[in-house]
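Here the structure comes first, spelled out in structure tokens, and everything after it is commentary.
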Amino acid sequence: MAEEWQGKVFCPLTWTANGAPLVPMTMAMARSIEAEGLDFSPTPWHRLLELIGLAYAYHQLSRADACEKVINCYAIILPGVHDSDCPLIKEYRPAIRHLLDGFWAMLEWERRRKTSPLLAAFIEEITPFEELSPRLQAAVHAVHATISKVQRDVALTHAQLAVQKSPGEGEWHHLLGLCTGLPGSGATPAEHEAHLREAHRLRPGPHTAVTLARVLASKEKGRARELLDEALREHPDSPYVLSLAGEVLVAIDGLNVETATQAKRLLERCSSLIGDRGSTELKLANLCRRQGGREAEAKAHYQKAYSLGMVSAYMPGPLVGSAAPHPHFYSHAAAACMCCSRSPQPANKAPTKVERISRRK
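FYI, the working numbering numbers position 192 of the sequence shown as 220, with every residue one higher than the one before it.
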């Protein structure tokens with residue numbers, strides 16, 4: 029039986045949707061995120077949220093390492109660890125602390141099915157959700173939206189709540205932009221684009237630049253190219269940027285000999301930084317296959333992806349022609365197959381800025 033104190037905490041183990049617990053990510057998604065997805069997180073904030081999602085999924089699957097993931101989350105938000113390279117963690121640490129403390133209290137209560145004096149003292153120190161400031165409540169809603177990736181309607185609702193409570197935070201606009209870009213959201217393309225533009229204006233980052241560039245690639249090529257250049261210039265060693273930049277480049281300029289070469293170099297740079305990853309190999313395989321005449325090379329990349337154990341989670345076929353993938357929730361899998369959609373044509377243009385950047389070692 030639940031105890032009264034559980035009503036004061038707002039964490040994955042107390043969140044419900046239509047009277048039922050949240051649906052966790054699938055085991056295939058969890059394996060993929062653990063195996064390589066964390067390496068592609070655009071910022072430590074996004075890595076933190078993925079870890080919270082893993083902790084919840086593992087708990088629902090009765091895996092003992094759920095506690096380990098919560099401990100890893102605590103380590104990320106320790107003062108000084110990411111204060112300089114991730115303002116989001118520094119600014120919203122109290123919100124994450126509220127969520128993790130509630131998570132930990134619930135795990136301990138489930139283990140003993142009673143509130144020990146030590147646990148009661150720990151719970152007493154947790155600030156009730158209702159007493160958090162609107163800005164901190166918005167951050168908790170943002171985590172709720174991210175954890176609810178399998179239930180798109182729930183994710184959309186909490187992303188909207190985050191923006192309503194703190195409209196000046198660009199990260200919440202980015203999250204809402206991602207949710208409104210998914211099928212079934214009921215939002216118009218203009219609304220989707222407006223949130224992504226506002227996100228980049230308020231809090232620019234590698235993910236806001238790449239996502240907005242992808243959306244603008246077919247209608248504002250000049251602005252899309254500026255955003256892509258910005259992402260590569262400001263974050264030249266970001267696996268997130270390098271893994272998606274080739275796709276965006278092809279979306280802007282089309283698939284031709286020049287863009288295919290640049291996309292390949294960007295993916296190879298990504299591999300040189302973090303090692304071989306299944307999703308990167310799939311992107312390279314599809315790049316070779318769509319160019320034509322490189323079937324043997326494509327097959328080698330497919331075989332390498334298979335050997336890395338990622339093919340079951342990142343099947344390319346069904347994703348071809350789908351809506352633009354969610355850069356944070358679904359980015360690496362969907363992007364693998366969207367780099368190339370047409371046969372290459374000769375290019376007679378001068379080297380672009382992206383090409384110069386892609387050639388950096």
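Using N, Cα and C, we set each Cβ at its ideal position, and we do this for glycine too.
query: Secondary structure at Asn284, three-state DSSP: helix, strand or coil?
result: To locate residue 284, count along the sequence shown from 1; it is residue 256. Looking at Asn284 - three-state DSSP - the assignment turns out to be strand.
message: Taking a contact to mean a Cβ-Cβ separation below 7 angstroms, would you say Phe131 touches Val98 in this structure?
response: On the sequence shown, position 103 is the one that residue 131 refers to. On the sequence shown, position 70 is the one that residue 98 refers to. Contact: yes.
query: DSSP beta-bridge partners for Leu44?
result: For the purposes of this step, residue 44 is taken as the residue at position 16 of the sequence shown. Residue identity differs from the one stated: residue 44 is Thr in this sequence, not Leu. BP columns for Thr44 point to Pro49.
task: Below 8 angstroms CB to CB, which residues in the same chain sit around His329 once its five sequence neighbours on both sides are set aside?
output: Taking the sequence shown and counting its residues from 1, one reaches residue 329 at position 301. Closer than 8 angstroms at Cβ, skipping near neighbours: Glu309, Leu310, Leu312, Ala313 and Cys316.
task: Could you pull the start and end residues of the alpha helix (DSSP H) that Val171 belongs to?
output: For the purposes of this step, residue 171 is taken as the residue at position 143 of the sequence shown. First-last of the alpha helix (DSSP H) with Val171: Pro162 to Ile175.
query: How is Lys311 classed by DSSP in three states: helix, strand or coil?
result: Here residue 311 is taken as the residue at index 283 of the sequence shown, counted from 1. Of the three classes helix, strand and coil, the one that applies to Lys311 here is helix, per DSSP.
task: Mind reading off the beta-carbon distance from Ile151 to Trp33? Whole number of angstroms is fine, and I expect it under 8 angstroms.
output: For the purposes of this step, residue 151 is taken as residue 123 along the sequence shown, with counting starting at 1. For the purposes of this step, residue 33 is taken as residue 5 along the sequence shown, with counting starting at 1. Ile151 to Trp33, Cβ: 5 angstroms. Contact.
query: Residue range of the alpha helix (DSSP H) that Pro122 falls in?
result: On the sequence shown, position 94 is the one that residue 122 refers to. Unbroken alpha helix (DSSP H) run through Pro122: Pro115 to Arg140.
- prompt: Along the chain, where does the alpha helix (DSSP H) that runs through Lys332 open and close?
  reply: Working through the sequence shown from its first residue, we reach residue 332 at position 304. Run containing Lys332: Glu323 to Ser335, per the alpha helix (DSSP H) assignment.
query: In or out: Thr71 buried (at least 16 other Cβ within 10 Å) or exposed?
result: Against the sequence shown, residue 71 aligns to sequence position 43. The residue in question, Thr71, is buried, as its Cβ has 16 or more Cβ neighbours within 10 Å.
- prompt: Taking the alpha carbon of Trp137 as the point to measure from, which residue in Leu147, Asp129 and Leu128 has its own alpha carbon closest?
  reply: For the purposes of this step, residue 137 is taken as the residue at position 109 of the sequence shown. Nearest C-alpha to Trp137: Leu147.
- prompt: Whose C-beta lies closer than 8 angstroms to the C-beta of Glu31 among residues of the same chain, with five residues either side of it excluded?
  reply: On the sequence shown, position 3 is the one that residue 31 refers to. Contacts found: Trp137 and Thr143.
- prompt: Can you tell me whether DSSP reads Cys39 as helix, strand or coil?
  reply: Taking the sequence shown and counting its residues from 1, one reaches residue 39 at position 11. Here Cys39 sits in coil by DSSP.
- request: Using a threshold of 7 angstroms, state whether the C-beta atoms of Gln188 and Ala45 are closer than that.
  value: Stepping through the sequence shown from its first residue, residue 188 is reached at position 160. Stepping through the sequence shown from its first residue, residue 45 is reached at position 17. No, these two residues do not count as a Cβ contact at 7 angstroms.
Local Cβ density within 10 Å of Thr239, reported as buried at 16 or more and exposed below that: Working through the sequence shown from its first residue, we reach residue 239 at position 211. With 16 or more Cβ atoms within 10 Å of its Cβ, Thr239 is classed as buried.
- request: Can you tell me which of Ser246, Ala183, Ser307 and Ser266 puts its alpha carbon nearest to the alpha carbon of Gly212?
  value: Counted from its first residue, the sequence shown places residue 212 at position 184. Out of Ser246, Ala183, Ser307 and Ser266, Ala183 has the C-alpha closest to the C-alpha of Gly212.
Contact the segment 162 to 172 vs the segment 190 to 206: 3+ CB pairs below 8 angstroms: yes
- prompt: Counting contacts by CB-CB distance shorter than 7 angstroms, is Gly306 in contact with chain D?
  reply: Although the question refers to chain D, the structure presented lacks it and comprises just one protein chain.
task: Kindly give me the distance between the Cβ atoms of His202 and Thr236, rounded to whole angstroms, as I take these residues to be in contact under 8 angstroms.
output: The residue given as residue 202 occupies position 174 in the sequence shown. The residue given as residue 236 occupies position 208 in the sequence shown. Right, their Cβ atoms sit about 5 angstroms apart.
message: Mapping the DSSP letters down to three states, classify Leu184 as helix, strand or coil.
response: Locating residue 184 in the sequence shown gives position 156, where the first residue counts as 1. Looking at Leu184 - three-state DSSP - the assignment turns out to be helix.
message: According to DSSP, is Ala291 part of a helix, a strand, or is it coil?
response: The sequence position of residue 291 within the sequence shown is 263, counting from 1. Looking at Ala291 - three-state DSSP - the assignment turns out to be helix.
- prompt: Ala56 to Tyr84, Cα distance in whole Å?
  reply: As a working note, residue 56 is residue 28 in the sequence shown. As a working note, residue 84 is residue 56 in the sequence shown. In a straight line, the C-alpha of Ala56 is about 14 angstroms away from that of Tyr84.
message: Does Thr174 pass the burial test, meaning 16 or more other C-beta atoms within 10 Å, or should it be called exposed?
response: As a first step, residue 174 must be located in the sequence shown, where it is residue number 146. Flag for Thr174 reads buried.
query: Within 10 angstroms of its Cβ, does Thr287 collect 16 or more other Cβ (buried), or is it exposed?
result: To locate residue 287, count along the sequence shown from 1; it is residue 259. Flag for Thr287 reads buried.
task: Out of Gly65, His263 and Glu254, point me to the one whose CA is closest to Gly306's CA.
output: In the sequence shown, residue 306 corresponds to position 278, counting from 1. Gly306 has its Cα closest to that of Gly65, out of Gly65, His263 and Glu254.
task: Indicate the three-state DSSP secondary structure (helix, strand or coil) for Arg261 in the structure shown.
output: By one-based count along the sequence shown, residue 261 stands at place 233. Arg261: helix per DSSP, three-state reduction.
Buried or exposed by the 16-neighbour rule on C-beta atoms within 10 Å, applied to Asp281: Position 253 of the sequence shown, counted from the start, is the residue given in the question as residue 281. Classification of Asp281: buried, given that the 10 Å Cβ count is 16 or more.
message: Along the chain, where does the alpha helix (DSSP H) containing Ile151 start, and where does it finish?
response: Position 123 of the sequence shown, counted from the start, is the residue given in the question as residue 151. Run containing Ile151: Pro145 to Glu152, per the alpha helix (DSSP H) assignment.
task: Evaluate Pro217 with the Cβ neighbour count: other Cβ atoms within 10 Å of its Cβ, from every protein chain shown; 16 or more gives buried, anything less gives exposed.
output: Here the question's residue 217 lines up with position 189 in the sequence shown. So Pro217 counts as exposed.
message: Using a 10 Å radius around the Cβ and a threshold of 16 neighbouring Cβ atoms, would you call Arg139 buried or exposed?
response: Walking along the sequence shown from the start, residue 139 turns up at place 111. Arg139 should be labelled exposed.
message: Please state the DSSP three-state secondary structure of Leu79.
response: Indexing the sequence shown from 1 puts residue 79 at position 51. Note: Leu79 maps to helix in three-state DSSP.
message: Buried or exposed, going by whether 16 or more other CB atoms sit within 10 Å of the CB of Gly233?
response: For this step, residue 233 is matched to residue 205 along the sequence shown. So Gly233 ends up on the buried side.
query: What are the boundary residues of the alpha helix (DSSP H) that His228 is part of?
result: Position 200 of the sequence shown, counted from the start, is the residue given in the question as residue 228. Segment Pro217 to Leu230, the alpha helix (DSSP H) holding His228.
- request: Using a threshold of 7 angstroms, state whether the C-beta atoms of Val276 and Ala241 are closer than that.
  value: Looking up residue 276 in the sequence shown gives position 248. Looking up residue 241 in the sequence shown gives position 213. Result yes, Cβ atoms of Val276 and Ala241 sit closer than 7 angstroms.
- prompt: In whole angstroms, what separates the C-alpha of Thr155 from that of Arg121?
  reply: Residue 155 sits at position 127 when you count from the first residue of the sequence shown. Residue 121 sits at position 93 when you count from the first residue of the sequence shown. One C-alpha to the other measures close to 13 angstroms.
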